[in-house]
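Protein chains: 2
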Amino acid sequence: MFQLNLKDHSPLYQQIKEQMKTMIISGALKADEKIPSVRELAQMLTINPNTIQKAYKELEQEGFIYSIRAKGSFVTPRDNILKEVRINELMTNLEKTVRELIYVQVPCQQVVLYIKKLYAEEGSTADD
Amino acid sequence: MFQLNLKDHSPLYQQIKEQMKTMIISGALKADEKIPSVRELAQMLTINPNTIQKAYKELEQEGFIYSIRAKGSFVTPRDNILKEVRINELMTNLEKTVRELIYVQVPCQQVVLYIKKLYAEEGSTADD
DNA sequence: CTTCTGTATTAAATATATTAGTACAGTTAA
DNA sequence: TTAACTGTACTAATATATTTAATACAGAAG
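Sequence lines, in order, name chains E and B.
Numbering of the first sequence is given in the numbering used here, commencing with residue 1 and proceeding in unit increments.
Numbering of the second sequence is given in the numbering used here, commencing with residue 1 and proceeding in unit increments.
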């Protein structure tokens, strides 16, 4: 389910966050689905529960999961996500990447076609 | 020229790297232009020269600047940059951002139009 | 020769990340 | 109720990363 790279210089809790986000976004984890408990996942990865807790805490702050005391942590349904702030962040990120793509002279068409391909692949819910 | 955010949790050398890259990509710094020396910039920002050195070292490894011993550090001309690896990184980054944009249901058209706008703004050298 | 440049190194100090252990409150099921 | 699970919080100790400090060397420029 999860793979940690101990050689990587990025913190473990960041790696956990990223992988959880990827699974949510890809649809591998569905709305309101229960994700492993802090202690469970810690045991699976043989790392400290506090590290998982830190990852979950930030995922919750960013709106990707929600936690219910004594019950568990669950995937936030897509429609419940507070989108506006996140969309702004994503667009800023997008701008930065595209400006550098322009700098290294990747043609506009190539970028646009790539994006359309991504939307075609799994964009069946947002293809307006 | 540079602004550091001491409150930010991102390392100073990262902030310097990011700002230098932004200035290069935006064209504020031109090809073969001399950038401030390690000691100069350290004095300007009232931080340690070693921190600047670390930023410059990575910028050089990533191909954005080149350094000549005893002369200074300079902006790598765009055409001399080893692009392939960097383009791969940028496309991976782009994919990740776009997949999340899809997840939060931003329509394809909006993304594409935004990118075309960016290319139109300053893409006069890569508008094929 | 003097002053500037990049580069390198070592040591100390600070900040961040991780582990370890413990505790509390609430849920679930036996 | 009891037992086992959940999230959450906290402190302390350790490990790693970052930053500062102080030097030093080699080459370029005036």
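The beta carbon of each residue, even a glycine, is placed where N, CA and C say it ideally should be.
Per DSSP, which residues does residue i bridge with? Please list them.
i, result
"residue 129 of chain B", "Nothing about residue 129 of chain B can be reported from this structure: the residues present for chain B run from 1 to 128 only."
Considering only C-alpha positions, which residue in the set the options is nearest to residue i?
i, options, result
"residue 97 of chain E", "B/86, B/104, B/107 and B/106", "B/86"
"residue 104 of chain E", "B/60, B/6 and B/90", "B/90"
"residue 68 of chain B", "B/95, B/38 and B/93", "B/38"
"residue 116 of chain E", "B/112, B/101, B/74 and B/4", "B/112"
"residue 53 of chain E", "E/63, E/83, E/64 and E/16", "E/16"
"residue 64 of chain B", "B/108, B/51 and B/21", "B/21"
"residue 79 of chain B", "E/70, E/66 and E/106", "E/106"
"residue 56 of chain B", "B/101, B/36, B/25 and B/43", "B/36"
"residue 70 of chain E", "E/34, E/99, E/48 and E/24", "E/34"
"residue 110 of chain E", "B/27, B/5 and B/88", "B/88"
"residue 73 of chain B", "B/27, B/101, B/41 and B/95", "B/41"
"residue 76 of chain E", "E/10, E/31 and E/3", "E/31"
"residue 23 of chain B", "B/83, B/59, B/95 and B/101", "B/59"
"residue 48 of chain E", "E/13, E/8, E/19 and E/27", "E/13"
"residue 61 of chain E", "E/121, E/9 and E/82", "E/82"
"residue 27 of chain E", "B/102, B/84, B/18 and B/122", "B/102"
"residue 100 of chain B", "E/45, E/99, E/18 and E/51", "E/18"
"residue 43 of chain B", "B/11, B/29 and B/1", "B/1"
"residue 5 of chain B", "B/46, B/122 and B/121", "B/46"
"residue 92 of chain E", "B/108, B/9, B/50 and B/114", "B/114"
"residue 121 of chain B", "E/122, E/119 and E/108", "E/108"
"residue 51 of chain E", "E/84, E/11, E/66 and E/25", "E/11"
Could you list which residues in chain B have their beta carbon closer than 8 Å to that of residue i, in chain order?
i, result
"residue 122 of chain E", "99 and 102"
"residue 112 of chain E", "112, 115 and 116"
Just to make sure I have the definition right: I need the residues of chain E whose C-beta is within less than 7 Å of the C-beta of residue i. Which are they?
i, result
"residue 35 of chain B", "The contacting residues do not exist; residue 35 of chain B stays about 17 Å from chain E at best."
How would you list, in chain order, the residues of chain E whose beta-carbon sits under 8 Å from the beta-carbon of residue i?
i, result
"residue 78 of chain B", "103, 104 and 105"
Near-chain E residues of the region 12–44 of chain B (beta-carbon distance less than 7 Å), N- to C-terminal order
25
Can you pull out the residues from the region 80–96 of chain E whose beta carbon lies closer than 9 Å to at least one beta carbon of chain B?
81, 83, 86, 87, 90, 91, 93, 94, 95 and 96
Chain-ordered residues of the region 45–74 of chain B with a beta carbon less than 8 Å from chain E:
none
What are the complete alpha helix (DSSP H) segments, minimum 4 residues, inside the region 69–119 of chain B?
83–103
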